[in-house]
Each structure stands twice: as C-alpha cells, then as structure tokens.
Amino acid sequence: MSTSNFPGGAVVRHAAVWIAAIVVIIVMPYVFTSSSSVSMMSQMGVFIVFALSYNMLLGEAGMLSFGHAVYFGLGGFLTLHAIRAVNDDVWSFPLELMPLVGGLGGLAFGVIFGSVSTRRAGVTFAMITLGIGAMVEASANMFTNFFGGESGVSGNRVTEVTLLPFSYGPQIEVYYLIGAWTIVAALLMFLLTKTPLGRMANAVRDNPERAQFVGYSTTIARFIQFALSGFFAGIAGGLFAILFEIMTAPNVGLIQSGAVLLMTFIGGLGVFFGPIIGAVLVTYMQIALSGFSEGWILYFGLLFVLMVMYVPNGIAGVIVSHFAPWQAGLAHRFAVPYLLAIVPALLALAGLVTMIEMGYHLSLAYDPSRPIELFGMEITATSVAAWVVAVALFAAGLVALRWVAGRIRQRWGEVNQAMDAQRAKQ
Amino acid sequence: MIESVVFSLLNGVLYGMLLFMLASGLTLIFGMMGVLNFAHASFYMLGAYCAYSISQVLGFWGALVIAPIIVGLLGALTERVGLRNVHKHGHVAELLFTFGLVYVIDELVILVWGQLPVDYRIPEALDFTLFSLYGSDFPAYRGFILFMAVAMFVAIYLLLVRTRVGMIIRASLSHPDMVGALGHNVPRIFTFVFAFGTGLAGLAGVMAGNYFITEPGMAFAMGPIVFVVVVLGGLGSLGGALVASLIIGLVTTFAVGMNYSIADMLASAGIAFGQDSVLGINLSRFGPMLPYLLMVLILIFRPRGLMGSRES
Numbered sequence: 052m053s054t055s056n057f058p059g060g061a062v063v064r065h066a067a068v069w070i071a072a073i074v075v076i077i078v079m080p081y082v083f084t085s086s087s088s089v090s091m092m093s094q095m096g097v098f099i100v101f102a103l104s105y106n107m108l109l110g111e112a113g114m115l116s117f118g119h120a121v122y123f124g125l126g127g128f129l130t131l132h133a134i135r136a137v138n139d140d141v142w143s144f145p146l147e148l149m150p151l152v153g154g155l156g157g158l159a160f161g162v163i164f165g166s167v168s169t170r171r172a173g174v175t176f177a178m179i180t181l182g183i184g185a186m187v188e189a190s191a192n193m194f195t196n197f198f199g200g201e202s203g204v205s206g207n208r209v210t211e212v213t214l215l216p217f218s219y220g221p222q223i224e225v226y227y228l229i230g231a232w233t234i235v236a237a238l239l240m241f242l243l244t245k246t247p248l249g250r251m252a253n254a255v256r257d258n259p260e261r262a263q264f265v266g267y268s269t270t271i272a273r274f275i276q277f278a279l280s281g282f283f284a285g286i287a288g289g290l291f292a293i294l295f296e297i298m299t300a301p302n303v304g305l306i307q308s309g310a311v312l313l314m315t316f317i318g319g320l321g322v323f324f325g326p327i328i329g330a331v332l333v334t335y336m337q338i339a340l341s342g343f344s345e346g347w348i349l350y351f352g353l354l355f356v357l358m359v360m361y362v363p364n365g366i367a368g369v370i371v372s373h374f375a376p377w378q379a380g381l382a383h384r385f386a387v388p389y390l391l392a393i394v395p396a397l398l399a400l401a402g403l404v405t406m407i408e409m410g411y412h413l414s415l416a417y418d419p420s421r422p423i424e425l426f427g428m429e430i431t432a433t434s435v436a437a438w439v440v441a442v443a444l445f446a447a448g449l450v451a452l453r454w455v456a457g458r459i460r461q462r463w464g465e466v467n468q469a470m471d472a473q474r475a476k477q
Numbered sequence: 002m003i004e005s006v007v008f009s010l011l012n013g014v015l016y017g018m019l020l021f022m023l024a025s026g027l028t029l030i031f032g033m034m035g036v037l038n039f040a041h042a043s044f045y046m047l048g049a050y051c052a053y054s055i056s057q058v059l060g061f062w063g064a065l066v067i068a069p070i071i072v073g074l075l076g077a078l079t080e081r082v083g084l085r086n087v088h089k090h091g092h093v094a095e096l097l098f099t100f101g102l103v104y105v106i107d108e109l110v111i112l113v114w115g116q117l118p119v120d121y122r123i124p125e126a127l128d129f130t131l132f133s134l135y136g137s138d139f140p141a142y143r144g145f146i147l148f149m150a151v152a153m154f155v156a157i158y159l160l161l162v163r164t165r166v167g168m169i170i171r172a173s174l175s176h177p178d179m180v181g182a183l184g185h186n187v188p189r190i191f192t193f194v195f196a197f198g199t200g201l202a203g204l205a206g207v208m209a210g211n212y213f214i215t216e217p218g219m220a221f222a223m224g225p226i227v228f229v230v231v232v233l234g235g236l237g238s239l240g241g242a243l244v245a246s247l248i249i250g251l252v253t254t255f256a257v258g259m260n261y262s263i264a265d266m267l268a269s270a271g272i273a274f275g276q277d278s279v280l281g282i283n284l285s286r287f288g289p290m291l292p293y294l295l296m297v298l299i300l301i302f303r304p305r306g307l308m309g310s311r312e313s
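Listed in order, the protein sequences are those of chains A and B. Each residue of the first sequence is one higher than the one before, counting from 52 in my numbering. Each residue of the second sequence is one higher than the one before, counting from 2 in my numbering.
Printed below as a string of structure tokens:
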C-alpha cells in the first residue's frame, strides 16, 4: 500500500471519472427521451445505490447477507410515512432531503440488528440475516399501521415543501433528484473505501485473525460497516419510495434481498464499479425481458449460477483482468479467440432460448400449437423438428465453446508469460 | 378447550414430522459437506411434481418409490456438475450456487408443469377415516405420514450408526482427510450424501404434495422454515432436527389457534392495559414470526443449536 491513498495523479484521474459520471447522468434523458426509459433509468439509480450498499457488506467486508432489503424497505416505508406527514401538514421537511429520513431509518435498524448479527461471521452471519429478514417480513402482518397490510402504504410525492423550484411531479424532475442522490451516495461510499474503516473491512474479510493481531476488533469493524451499509440501503429505499410512491411488505422481504445479491454478484464484488454494472444490467434485463418472456427469472437464475461456477469475480472482474495485458500492449492477442468464441456462444444461447421459450409456451399458453415468434422466425413449439434443431444448436454450441475456451486459456497462459518476460527485462 | 388442544397437538406433531422429513436431508448434507443447501425445498417441490406425473401412470405407490430416486439422481447430478466445481471457491460460493439453483429449479417447475396447481391426490387406499375424536375425523393419510416419518428416522439412524457405510459417512464428517488417506473416495461419498439428502427431500415432497397443494409456491413456503429447523436443532444433528421439527410444528400450530392477545389476557385478569399497543395484537399474528425469532435468538446465544456438536 502506498503511504497516501490519494497520490496526485490518481486524484485527477478519479475526479475525471466522477465528472464523466455526472455528465452521463445529465445527458442520458436527452438521448433516451421516452418516459419509459426515463423511468427505467430512475430505477437504475435507485438500485445502483442499493447494490453499492450491499457491496459494502459482501464485497468489502466479506459478509454474505440474505436480509439487506430490511434496511432498504424500512427506509422506504419511513420516507413514505414522512412524505405523508408533510402532506398532512403534521411536519415540514423538503422533499429533496427525504431520502435522508430513509437513510437514518436504515442506519437505526442497521445499528439494532447489526449489534446482534455482526458478532458472528461467515455462514452463521448469513443465517442470522436470513432469520432477521424473514422475521421483519412476517412482522408486516402484525404492524399493519406501519406496513399498510396487503395493499401497502402509498403517498403523493408532490408535497409543495421543496428547496428548489420544482414540484417533482414530472418523471424527469424525479430522475434528476435520484441522479443527484446516486452521485452523492456513490461518491461517499467510494470515499469510505479509502478510509481506515474501509481498509479494516478489507482486512477483516481477507484475514480476520491477522486483523485482530494488529489490534482491531473484527466485530466492531463489521458492525460499523454493517450500520453504514444500512444507512445507504435506507437512502436507496427512500429514493424507491419517492419514485414509486408506494411501498409493500415484500419490499422488505427475502425476494428483494435476493435480487440485490444477484445484481451485486453479477456485476462483480471485487471492484467498486462492479455493482453499478450489475444494477444497470439487471434492471434493464428485468424490465426488457419481463415484457418479452415469461421466463426472465429463469434466465437470471441460469446467468447467476453460471457466473458463480465460472466467473466468480463478475463482469467487472473480467474487465479488470484485462487491464494488465492492455497496459502491456498485449490485449490484441485476445481478439481472435474472443471473436471465435462469439459464434458458438450465440449458437448455444439461441438453442437454449428456443428450448426455454418453447417449454414455457407449451406449459403456459392457452393454445400450445399456436406458433411463437422468436429471432424473427415463427416456431411451432409442438413440432418435434423444432426441438431437435434447438437441442442440436445448443449441444453444438457447447462443444465448440469448450474447444474455444481451451484456446482462450492457452492464450492467457502465453500473455501471462509475455508479461512476466517484460517485467523481467525492466 | 381440550378438544382444540388435542387437535392442535396432533396437527402440530404432523406438521413437525413433515418438517423433519425435509430437515433430515438438509442437516445430513450440511453435517457431511458443510454445504447449506438453499435449494433443499426446491428438491422437495420436484419430488411432489415428479410424484404427480408418475402417479398418473403407475399410481401413488409407484410414485412413492420412483420419485425420490429421480430426485436423488438429480441431486447427484447437481453435486457432480455444479457443487463440486464451486467447492474450491469456498463455502460462501457454495451457498451462492445453491441460492441461484432455487431460481432455476422453481422456474423449471413452472416451465414443465405450468403455473397452476396440479391435481396430485391422496391414494384411494388411504382415503378413509382412521379414527374419530370429539366428532372430528382423523384421516388415515395423516397416520401414514406419521408412520413414514418415524420409519425414516429409524432407518437413517440405523444406517448411520449400525452399518459400515454409516460409519464411513460419520468419519468423513469429522475427519475427511483421514478417511481419504484410508483410501475412501471422499468426493464420491459427498455425491452419495447429497443424492441421499435430496432424495429424502423428494420423499418428503411425495408425502406432502398431496397433503398440502402441489403448486409452484410450495418450495418458497417451506424453504426458510426448514432452515429454522436445522439451525435450531443444530447443524448436522439428526436427533436435533427431530426435536426442533416438533418444536416448530407445535409452536406454529398452537400460535395459529390463539385468537386472543396479551392485552385480552390481562383484561380477563382485571387489568386494563395496552389494548392499543403491541400487547393488543392478536397472538395468532405472531405465529409466522415466531420460528424466525427463535432462529435468530439461538444463532446469537447458542450458535451450535440445541443438539449440534459444533458451530458452522
């Protein structure tokens, strides 16, 4: 580790990245102007904050939580109750700062539940968070005033108490509000990774015993990290409440907790921007695929399982692993095997998608013999030929993919050797 | 009063024994491999659906034999193709793998059998009243479930304690390296145990699918509660799983039957207090929450569970 976490050049580089991110957020609505895409991008912002807060646990401190939606959901409920209070003239608080209510709520519950769960690590910790998540979800039946029972709590985000001259009724104004909060929250979480606390969280993840020998309490490091992560999850929940104006009991539940785990892992745990990729990709796929296919959850599940098996560092991990060959000027050597991999990968994917879509069509459609439209073709799910072709495509793609994977591994070996040789010369 | 207590008792024991059928496989897998199989309830659902399809052709008794075997084979396949490769990345990766498997299996069930419940029925040979108590009937199928669960416990116990295979399994639980050094193929034992455990889950599915309803939500309804049972009993402990199953079964069944609140009880004792606070909430609403509260408390204060021998 260098003596300073921020050497001069790095500050400039980091600042450039963050300014670029701000510009992207400002420009996006001018590129994708439709109201559905603005709504989708708003959701992406919410889930970027949520996934980054989850990564504070799993990625940075090695704490696998199955109940992170508790802080997200409770923060959302609190924000919505606060908005209702403002609308009822009971309280006065500007809407722009409302996510803070959610954040402080998330922090409070993070402190409460964190104090009992962070004393353990590993699988025991995971089980405690699962239990707390299920408990809070089940308690929605008991506290119907707070959770609103079956129909949930709804409110109107137009409170007329604002700092800026906007009503936040129109979608685009909410988008920019969420965008601003996303940048602020993401920047704060990034800076946290550079503090001694962030470093201790890493140490506790990598080698708890040595962290203790240095003189730190692993429990306290985990606890602070957990509570702060609850704070940011609460902010995400507050943004969610402002965006949708409704919160229901499942928002605190196990399915929501599973979703954030999925996005964070798919994006990549080890790199700060990994969860951002995951949140953007998963939100996009969720919205785009759920309109296109009954089976989007299956596609997600398969993607997740395959990534756990073969790409445990996620998408960001794959990207980062190419930085070194790129700097060594060797990245071009991957071009041919990667291009070769595209063809069998697409073949296998086409076969798999065809099989899955035909399967869903057979089991869910009123009239299974009606053809389905896929890849611009009409396919009859009841015909044996279609199944034979799909299975053949899938199998052929897999076999070819295995062969290409061997070549890619071989090429990685060569590039690593070449890089070692370069280093030896210096 | 006695009437409702007796019936709550019977139903609680029944629910508890069904939980035990599921939990026994899960706790065996954990005890052996250190893997918490998140997808265990999904294998249970697969058992119910397979039993439905097989019973269409061979009847219930055919399904009772074949469905658990099919589910066990699927479990073996899962272990061989997936889990074994993930094993090198550690326990968290294994947990994540089985977690992803939940999504895949639950969706595949919808893909094959559709969104609606299937008509998986109790066999006619067992569709009669075993005995009547206080004018209410106790169906024979419930008696059959109880019998099967007890038989299963005895069989697993004898297998583990009295046979050579069981001895090797117990040895690989405590001293995997030594067992390997003695020339046993530990990875193959793992595959066998995973298949056996998921097969037991499949058997539970065969038994419970027609007692409850066979529908795509049945795995999600059972999944978290089985975890509670296994944690409460102590990970890896068969006897603990039995005790914990009965506790959870009885607690939830009795809680559902309680149609009054703590404030009501105080009121009947002449104290008017807390009708509008938490104390005024109907006790039956605590029911769904109680198992998880128990689980969190036990994890905090006694992480090895009631009868477990070690922490996870």
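Where a beta carbon is used, it is the ideal one built from N, C-alpha and C, also for glycine.
8 Å Cβ cutoff, residue i in contact with chain A
i	result
B/Leu96	yes
B/Phe228	yes
B/Met296	yes
B/Ile214	no
B/Met290	yes
B/Trp114	yes
B/Arg286	yes
B/Gly250	no
B/Glu125	no
B/Gly48	no
B/Leu20	no
B/Leu109	yes
B/Ser313	For B/Ser313, the predicted model reports a pLDDT of 48, less than 50, meaning its position is unreliable; a value from the coordinates is still stated below. Closer than 8 Å: yes.
B/Val180	no
B/Leu307	no
B/Leu102	yes
B/Gly235	no
B/Ile190	no
B/Pro304	yes
B/Ile272	no
8 Å contact criterion, which residue i and residue j should meet: CB distance rounded
i	j	result
B/Gly250	B/Ile30	Incorrect: roughly 21 Å between the Cβ atoms, too far for contact.
A/Ile76	A/Gly230	4 Å
A/Ala72	A/Gly329	Not a contact, Cβ separation roughly 16 Å.
A/Thr246	A/Phe323	Wrong, their Cβ atoms sit about 14 Å apart, outside the cutoff.
A/Ala272	A/Met240	A/Ala272 to A/Met240, Cβ: 16 Å. No contact.
A/Ala396	A/Gly319	Actually they are not in contact, since the Cβ atoms of A/Ala396 and A/Gly319 sit about 19 Å apart, beyond 8 Å.
B/Asn211	B/Ile123	5 Å
B/Gly181	B/Val232	At roughly 29 Å, the Cβ-Cβ gap does not stay under 8 Å, so B/Gly181 and B/Val232 are not in contact.
Min CB distance residue i to chain B below 8 Å
i	result
A/Val322	no
A/Ile234	no
A/Met52	Note that A/Met52 has pLDDT 42, beneath the 50 cutoff, so the model's placement of it is unreliable and the number below is only indicative. A/Met52 does not count as touching chain B.
A/Val167	yes
A/Ile183	yes
A/Met470	no
A/Pro363	yes
A/Ile179	yes
A/Thr175	yes
A/Asn192	yes
Residue i versus the options, residue with shortest Cα-Cα distance
i	options	result
A/Phe123	A/Thr233, A/Gly288, A/Phe144 and A/Asn138	A/Gly288
B/Leu96	A/Val63, A/Ala375, A/Val212 and A/Val359	A/Val359
A/Glu224	A/Arg208, A/Ala382 and A/Gly346	A/Arg208
B/Ile301	A/Ser87, A/Phe164 and A/Thr405	A/Phe164
B/Ser56	B/Tyr142, B/Ala68, B/Met46 and B/Phe287	B/Ala68
B/Pro225	A/Gly304, A/Met114 and A/Met91	A/Gly304
B/Ala52	B/His176, B/Glu216, B/Ile3 and B/Tyr16	B/Glu216
A/Val89	A/Gln222, A/Gln473, A/Ala446 and A/Val311	A/Gln222
B/Ile190	B/Asp265, B/Pro118 and B/Met168	B/Met168
B/Tyr135	B/Leu267, B/Val7, B/Ile299 and B/Val110	B/Val7
- Query: At which residue ranges does the stretch 158 to 225 of chain A contain complete alpha helix (DSSP H) runs of 4 or more residues, listed in the order of the chain?
  - Reply: 173 to 190 and 195 to 198
- Where the stretch 323 to 355 of chain A meets chain C: residues whose CB sits under 7 Å from a CB there: Absent here is chain C; the protein component of the structure consists of chains A and B.
- Task: Enumerate, from N- to C-terminal direction, the unbroken alpha helix (DSSP H) stretches of 4 or more residues contained entirely within the stretch 158 to 186 of chain B.
- Result: 165 to 175 and 177 to 182
- Task: With 8 Å as the C-beta to C-beta threshold (strictly closer), list the residues of the stretch 401 to 416 of chain A near chain B in chain order.
- Result: Ile407, Gly410, Tyr411, Ser414 and Leu415
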